[in-house]
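Taking numbering that gives the first Met the number 0, the leading residue of the sequence shown gets 0, the next gets one more, and so forth.
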Amino acid sequence: MKSKTIISESPRPIWQMPIAALFFTMATFILLFALYDIQLSEKGFILFLHRLEPCIISVSFGIGFTLTKSIHIDIENSRFRPTYHIGPVKIGSWQTIKNYQYVSVFHQPTVDGNYVFEVNLWYDNNKHFELYEEDNYKEAFLIGFELSEQLNIDLLDATEPNNFKWVNKEEWKAKIASGVIN
Numbered sequence: 000m001k002s003k004t005i006i007s008e009s010p011r012p013i014w015q016m017p018i019a020a021l022f023f024t025m026a027t028f029i030l031l032f033a034l035y036d037i038q039l040s041e042k043g044f045i046l047f048l049h050r051l052e053p054c055i056i057s058v059s060f061g062i063g064f065t066l067t068k069s070i071h072i073d074i075e076n077s078r079f080r081p082t083y084h085i086g087p088v089k090i091g092s093w094q095t096i097k098n099y100q101y102v103s104v105f106h107q108p109t110v111d112g113n114y115v116f117e118v119n120l121w122y123d124n125n126k127h128f129e130l131y132e133e134d135n136y137k138e139a140f141l142i143g144f145e146l147s148e149q150l151n152i153d154l155l156d157a158t159e160p161n162n163f164k165w166v167n168k169e170e171w172k173a174k175i176a177s178g179v180i181n
């Protein structure tokens, strides 16, 4: 059993990096212009704040093109850390989990009518932590299965509304070993 597990989103496509760099560069120039032309008066301060608006918008778009999420799970010490990456900057803190109960995989409808599959870790009777989101059922289910194996807890297949079922993990081990997963 691994003592530390990392569940991570796919890296951003390479074409998004130059776009993010462009937005961050625009934000830098806007900020420098706002600071260069600053006036020490109430009117000057209000003008400075108005000039910061496009800077904040540019930074927001830049973050949107670079943000990724990963979950670090420390099984030995019974804790997890959701981490958000914006380029080289990582933001996140450790949280303790007590009483692991089960892992669930379910589908969530999106605004455009498609579905995204979510993997949740349930603990302390009714608390859950969202670990992973994927539009591919097989990938989401394999992540949930692997985590349930590492934690030695049950796996719930909740992908069909009102038809939740506990997964027979021995059958899944056989399917994985044979390479036939549907």
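We put the beta carbon where it would ideally sit given N, CA and C, even for glycine.
Extent of the continuous alpha helix (DSSP H) to which residue i belongs
i	result
P53	E41 to T65
I90	That residue, I90, is in no alpha helix (DSSP H); its beta strand (DSSP E) goes V88 to I90.
I18	Q15 to Y35
I175	K168 to S177
Boundaries (first-last residue) of the beta strand (DSSP E) holding residue i
i	result
T82	R78 to I85
D153	D153 to A157
Spatially closest choice to residue i from the options, by CA coordinates
i	options	result
K172	F140, S103, K89 and A33	F140
I90	I62, W121 and N125	I62
Y136	P10, E75, I96 and N113	N113
T27	M16, V58, F44 and P10	V58
Paired residues, beta bridge with residue i - DSSP
i	result
N119	S103 and E129
Y136	Looking at the DSSP assignment, Y136 forms no beta bridge with any residue, so it has no partner.
Q94	F79
P108	Y114
Cβ-Cβ separation, residue j to residue i (assumed contact under 8 Å), whole Å
i	j	result
I70	L21	In fact, because the Cβ distance is near 30 Å, the residues do not count as touching under 8 Å.
Y101	L154	7 Å
A19	F47	A19 to F47, Cβ: 25 Å. No contact.
V118	V104	5 Å
Y122	I142	So it is not a contact: roughly 17 Å between Cβ atoms.
Chain B contact for residue i (CB, 8 Å cutoff)
i	result
K137	This model lacks chain B altogether, as it is built from one protein chain only.
Are three or more beta carbon pairs between the segment 25-35 and the segment 50-59 nearer than 8 Å? yes
On the three-pair Cβ rule with 8 Å, is the segment 140-153 touching the segment 78-86? no
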